[in-house]
Amino acid sequence: MLTAEVKPASTGTKKTLKVKRYKPSEDPKNTYLTDEKGLWAWMTTVDHKKIGLMYLGSVTFFFLVGGILALLLRTELLTPAKTFIEADTYNQFFTLHGAIMVFFVLIPSIPAALGNFVLPMQLGAKDVAFPRLNLASFYIYVIGAIFTFIALANNGLDTGWTFYTPYSTQSSSSVIWVTIGVFILGFSSILTGTNFIATIHKLRAPGITWGKLPLNLWALYATSIIQVLATPVLAITVLLLTMERALGIGIFDPALGGDPVLFQHFFWFYSHPAVYIMAVPAFGIISEVITTFSKKHIFGYWAIALSSLAIAFIGFLVWGHHMFTSGQSAVATTVFSFLTFLVGIPTGIKVLNWVATLYKGSIEMKTPMIYVFSFLFIFSIGGFTGIMLGTLSADIHLHDTYYVVAHFHYVMMGGTLISFLAGLHYWWPKMTGKMYNEFQAKVGAALIFIGFNTTFLPQFIMGSQGMPRRYYNYIDQFTIFHQTSTIGSYILGVGFLLIAYYLAKSLKSGEKAGSNPWGSRGLEWQTTSPPDFHNFDHTPVVINGPYDYHRPMEEFQLGLANEDKDH
Amino acid sequence: MGSLFDFMLPELESPLTGASTDAVMAFIHIVSFIILAGVTIALIYFAIKYKRKSEDDETPLITHNNKLEITWSVIPLLLVFIVFGWGYKGWLNLQTPPDNAYEIHVSAYKWGWTFSYENGAQIGNEVHVPAGRPVKLVMQSQDVLHSFFVPDYRIKQDVLPNRYTTVWFQAEEEGESQVFCTEYCGTSHSDMLATVVAHTQEDFEAWLDEQNTGGGGTPVERGESLVSIQGCVTCHSVDGSQKIGPSFQGLFGREETMTNGTTLTADENYIRESILNPSAKIVEGYQNQMVSYEGRLSDDDISDIIEYIKTLED
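Going down the list, the sequences are from chains Z and U. Each residue of the first sequence is one higher than the last, beginning at 1 in the numbering used here. Each residue of the second sequence is one higher than the last, beginning at 568 in the numbering used here.
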């Protein structure tokens with residue numbers, strides 16, 4: 001029997017607790033997957049792990065839809081003018097590709113799917129603070145999705161995912177259905193954020209001080225703050241747009257006495273912070289994976305933790321950099337450019353801290369780590385081109401060209417989606433208890449890296465040469481870049497199919513993962529795989545930080561010794 | 568290195584607007600490339616050098632290093648300050664057309680461009696300009712947002728339905744440059760193209776003379792008749808004499824003090840606002856008496872009146 005001096009989150013005062021080692025079973029009998037079975041049990045579950053998996057399923061479905069749209073768009077762009085679809089269809093496809101990928105894939109991908117699964121486990125909690133609210137968030141997401149799909153069946157949407165007025169006021173497509181869908185969806189995001197903030201504040205296991213909080217949770221915490229503060233503005237904006245269209249109240253349309261630039265301010269006031277809703281959770285995953293696979297303490301814990309918060313706050317003050325050519329005031333343009341550079345600094349700091357973490361580590365290039373390396377390369381390019389676009393004179397030339405398209409794919413796909421894949425491969429054994437085929441997974445990661453760069457590097461060049469975005473037709477000089485890009489997108493498609501194949505196969509015939517296949521010090525790995533319904537069969541007690549790889553494993557598998565007092 | 572940038576950017580035809588842009592872009596590309604190469608080499612080197620030898624590998628405890636953190640915060644901060652200042656300077660130049668700029672009016676619509684000249688000539692999807700002289704475009708849209716983009720000049724400006732925006736350039740050589748619409752505007756957005764044709768001054772004048780000025784005279788003539796027909800001259804004199812409202816004479820470019828104490832220079836947007844929403848800004852010493860001409864004057868009418876007012880110098 002050991003004792004540990006810890007500060008429980010509930011009281012905040014120091015206490016001495018009796019602890020003992022609980023070595024997790026390598027072959028668990030009862031898991032959350034065997035606990036409640038059947039469709040109804042899943043649909044009404046309040047278990048954060050099952051809700052996380054339901055989000056994972058939905059996100060995968062929407063990614064498939066958005067991805068197929070992307071491949072159709074790229075195929076159309078193989079030749080100038082018509083290849084196989086009409087201009088109006090093309091316009092609808094790029095609108096839906098953007099809207100689905102942003103609202104239904106990227107925003108919920110890490111926080112709602114992976115975050116839901118690991119957040120309570122990393123805290124040593126049984127569930128999130130408000131489990132029923134968590135389930136409600138999922139259904140709100142589904143209802144939002146249904147509204148959007150009604151629009152698809154009913155005239156589609158052709159405004160671009162940005163809904164710029166007055167085009168969106170005048171368009172004959174189903175703008176109202178989609179804006180209502182986005183309005184509803186926003187509540188899902190707000191409620192998940194609220195839930196996470198409450199959980200991180202109140203449900204930390206004894207011993208998890210703010211300084212021992214895994215960086216993934218700092219990232220999710222910063223993300224939740226943005227979700228709670230920024231999403232209501234999107235709700236207001238789409239509501240005003242709906243009022244303008246449905247009731248003819250003039251807000252944005254000059255024909256009704258409104259101002260179209262006002263819409264852009266409202267829209268980007270949410271949608272720029274939304275970029276950080278997508279990117280900041282990615283930073284969390286990178287910190288977890290890079291320490292596990294280099295068996296090393298994170299370099300600059302506080303620099304990484306606090307830079308997430310800095311990004312969250314400064315991220316609220318840079319929306320106007322989407323509007324340098326819009327006709328907004330000159331003073332606003334200058335200030336927004338300046339602040340944009342400031343938000344680049346904490347992001348750069350993170351990248352350098354991650355690289356420094358590798359120094360003198362014990363590096364194992366497993367699949368999640370390969371994705372982290374891809375991330376660091378691709379995301380750096382995304383960051384540098386962001387600096388380019390923040391530069392006033394350069395942005396005048398590059399705004400609304402393929403350079404911007406390439407930039408945000410390097411950030412959103414190269415940043416968020418690749419780290420999502422890192423996280424998925426990292427936590428897959430924990431979620432399912434099964435290992436995937438490592439060789440196939442490495443081939444998949446290589447295909448994604450090669451396909452991604454083949455698709456988007458040429459877009460920087462053609463954008464810089466003047467190829468505007470959202471163009472169905474293009475002038476001949478851009479043909480070679482478009483064709484290279486299209487070939488890259490097919491490679492990406494094959495990569496994703498391979499990933500889907502071996503992950504699905506692992507469920508049936510994958511090897512048993514064991515509780516901690518990567519030898520991680522993270523709390524979520526100190527229980528069975530898959531975990532049981534309450535995550536741990538004891539109340540975990542934490543005395544070491546999540547990255548203390550210099551301490552022996554015995555010190556990470558501790559729980560309250562007196563079993564009879566609830567766990 | 569030079570050939571790499573030639574590959575990245577189209578040939579620069581308007582150095583007065585684009586040279587600074589090209590320079591700052593080259594600077595960012597070079598610095599980014601160096602840092603990216605450093606990060607990539609470090610990643611590969613560490614992955615090889617510190618490859619895991621056994622499951623029992625021990626790693627040293629290195630938690631942080633404040634000197635290093637400060638170094639890699641301050642150096643990038645200085646770099647981005649340089650880039651900010653450089654970009655700001657170039658952009659300020661883009662916002663400030665030279666006084667002697669030759670002015671052409673641009674009207675954008677779904678899906679094309681109309682260019683109007685001082686002598687009343689109008690031409691679609693092709694704008695002829697004198698080379699070696701700054702040209703200023705005063706632009707407005709008839710419907711949704713559009714954006715005027717000439718890659719060869721490194722200029723771009725959104726075109727709005729409810730206000731004027733301007734952009735300027737100076738083509739140094741004779742030749743043609745591509746214009747794109749870069750604000751998504753519907754079905755034929757990608758076909759909303761135009762060409763800038765730069766001529767020598769003589770050729771340009773010859774071209775302009777050949778153009779049919781159409782019916783109704785020049786914009787200035789149309790504006791003159793409008794202020795009379797619409798009754799503007801009842802309250803606003805054209806010879807500087809005092810009436811119910813401020814005189815039109817010398818109005819354009821005049822510094823006016825408003826009743827709320829602010830001052831402004833009367834420009835196109837101020838005059839447009841005063842016609843459509845007269846109570847928004849009242850010149851000191853005058854009463855808020857005018858009614859809105861919204862619905863009574865078209866956008867083209869207002870443009871013509873402004874052109875006429877511009878001719879009424881002190």
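The beta-carbon is built from N, C-alpha and C at its ideal position, and this holds for glycine as well.
Reduced DSSP category for residue i - H, G, I as helix; E, B as strand; rest coil
i	result
Z:TYR474	coil
U:GLY691	strand
Z:HIS567	In this predicted model, Z:HIS567 has a pLDDT of only 45, less than 50, meaning its place in the structure is not dependable; the value taken from the coordinates is given anyway. Coil.
U:THR681	strand
U:MET759	coil
U:ALA675	strand
Z:TRP354	helix
U:LEU843	helix
Z:GLY320	helix
Z:ILE85	coil
Spatially closest choice to residue i from the options, by CA coordinates
i	options	result
Z:ASN453	Z:GLY423, Z:LEU421, Z:PRO429 and Z:THR486	Z:THR486
Z:LEU77	Z:ILE475, Z:TYR549, Z:ALA230 and Z:PRO546	Z:ILE475
Z:LEU157	Z:GLU288, Z:LEU106, Z:PHE94 and Z:GLY115	Z:PHE94
U:TRP735	Z:ILE68, Z:PRO254, Z:MET365 and Z:ILE396	Z:ILE396
U:PRO665	U:SER674, U:PRO701 and U:LEU603	U:PRO701
U:ASP798	U:SER859, U:GLU740 and U:ALA698	Correcting the residue type first, residue 798 of chain U is Gly in the shown sequence and not Asp. Nearest C-alpha to U:GLY798: U:SER859.
U:PRO718	U:THR826, U:ASN686, U:GLN662 and U:ASP589	U:ASP589
Z:THR199	Z:LEU229, Z:PHE384, Z:VAL118 and Z:LEU152	Z:VAL118
U:GLU625	Z:PHE293, Z:ASP537 and Z:MET243	Z:PHE293
U:ALA765	U:HIS756, U:SER755, U:LEU576 and U:GLN745	U:GLN745
U:HIS672	U:THR767, U:CYS752, U:GLN768 and U:ASN686	U:ASN686
Z:TYR473	U:SER674, U:ARG619, U:LEU760 and U:ALA609	A small correction: the amino acid at residue 473 of chain Z is Asn; Tyr does not occupy that position in the sequence shown. When only C-alpha atoms are compared, the closest one is U:LEU760.
Z:HIS425	Z:ALA500, Z:LYS18 and Z:ASP27	Z:ALA500
Z:VAL128	Z:ASN195, Z:ALA70, Z:VAL102 and Z:ALA330	Z:ASN195
Z:PHE384	U:PRO643, U:VAL763, U:TYR837 and U:VAL805	U:PRO643
Z:LEU71	Z:PRO108, Z:HIS482 and Z:LYS212	Z:HIS482
Z:THR391	Z:PHE163, Z:VAL404 and Z:HIS48	Z:VAL404
Z:PHE408	Z:TYR371, Z:ILE378 and Z:THR432	Z:ILE378
Z:LEU358	U:ILE597, U:VAL606, U:GLY812 and U:MET592	U:VAL606
Z:VAL175	Z:LEU185, Z:ASN91, Z:ALA151 and Z:VAL411	Z:ALA151
Z:GLY66	Z:PHE104, Z:GLU86 and Z:VAL46	Z:PHE104
Supposed contact pair residue j and residue i - C-beta distance, whole angstroms, cut 8 Å
i	j	result
U:ALA668	U:LYS703	4 Å
Z:GLY495	Z:GLY559	Incorrect: roughly 41 Å between the Cβ atoms, too far for contact.
Z:SER393	U:SER587	6 Å
Z:VAL182	Z:LEU234	7 Å
Z:ILE345	U:SER640	6 Å
Z:LEU220	Z:PRO281	6 Å
Residue i classed as buried or exposed, judged by whether at least 16 other C-beta atoms fall within 10 angstroms
i	result
U:ASN633	exposed
Z:GLY423	buried
U:GLN724	buried
U:LEU628	exposed
Z:GLU438	exposed
Z:LEU39	exposed
Z:TRP518	buried
Z:SER509	exposed
Z:SER137	buried
Z:THR154	It should be pointed out that residue 154 of chain Z corresponds to Asn in this sequence rather than to Thr. Looking at its Cβ environment, which holds fewer than 16 other Cβ atoms inside 10 Å, Z:ASN154 is exposed.
Z:ARG245	buried
Z:TYR549	buried
* Of the residues that make up the stretch 642–658 of chain U, which ones have a beta carbon closer than 9 Å to any beta carbon in chain Z? -> Cβ contacts with chain Z: PRO643, LEU644, LEU646, VAL647, PHE648, VAL650, PHE651, TRP653, GLY654, TYR655, LYS656, GLY657 and TRP658.
* Residues, ordered as in the chain, of the stretch 464–485 of chain Z that lie near chain U by beta-carbon distance below 8 Å -> Those residues of the stretch 464–485 of chain Z that come within reach of chain U (Cβ to Cβ, closer than 8 Å) are SER464, GLN465, GLY466, PRO468, ARG469, ARG470, TYR471, TYR472, ASN473, TYR474 and ILE475.
* Of the residues that make up the stretch 351–384 of chain Z, which ones have a beta carbon closer than 9 Å to any beta carbon in chain U? -> Taking 9 Å as the Cβ-Cβ cut-off against chain U, the residues of the stretch 351–384 of chain Z that qualify are VAL351, LEU352, ASN353, VAL355, ALA356, THR357, LEU358, TYR359, LYS360, GLY361, SER362, ILE363, GLU364, MET365, MET369, PHE373, LEU376, PHE377, SER380, ILE381, GLY383 and PHE384.
* **chain U contacts made by the stretch 289–300 of chain Z, where a contact means CB separation under 9 Å** => Residues passing the 9 Å Cβ filter: PHE293, SER294, LYS295, LYS296, HIS297, ILE298, PHE299 and GLY300.
* Please list the residues of the stretch 720–732 of chain U that have a C-beta atom closer than 8 Å to any C-beta atom in chain Z, keeping them in chain order. => Of all residues in the stretch 720–732 of chain U, ARG721, ILE722, LYS723, GLN724, ASP725, LEU727, PRO728, ASN729, ARG730 and THR732 have a Cβ within less than 8 Å of some Cβ in chain Z.
* Going along the stretch 379–413 of chain Z in order, which residues come within less than 9 Å of chain U, judged by CB to CB distance? -> Taken in chain order, the members of the stretch 379–413 of chain Z whose beta-carbon sits within less than 9 Å of a beta-carbon on chain U are SER380, ILE381, GLY383, PHE384, THR385, ILE387, MET388, GLY390, THR391, LEU392, SER393, ALA394, ASP395, ILE396, HIS397, LEU398, HIS399, ASP400 and THR401.
* Asked: Between the stretch 597–617 of chain U and chain Z, which residues of the former have CB atoms less than 7 Å from a CB of the latter, in chain order?
  -> Here the close residues are SER599, LEU603, VAL606, THR607, ALA609, LEU610, PHE613, ALA614 and TYR617.
* Which residues, taken in chain order from the stretch 307–333 of chain Z, show a beta carbon closer than 9 Å to some beta carbon of chain U? -> Flagged, chain order: MET323, PHE324, THR325, SER326, GLY327, ALA330 and THR333.
* Could you please tell me which residues of the stretch 548–564 of chain Z, in chain order, have their CB closer than 7 Å to any CB of chain U? => Cβ contacts with chain U: TYR549 and HIS550.
* **Where the stretch 512–541 of chain Z meets chain U: residues whose CB sits under 9 Å from a CB there** => Under the 9 Å Cβ criterion, the stretch 512–541 of chain Z contributes GLY519.
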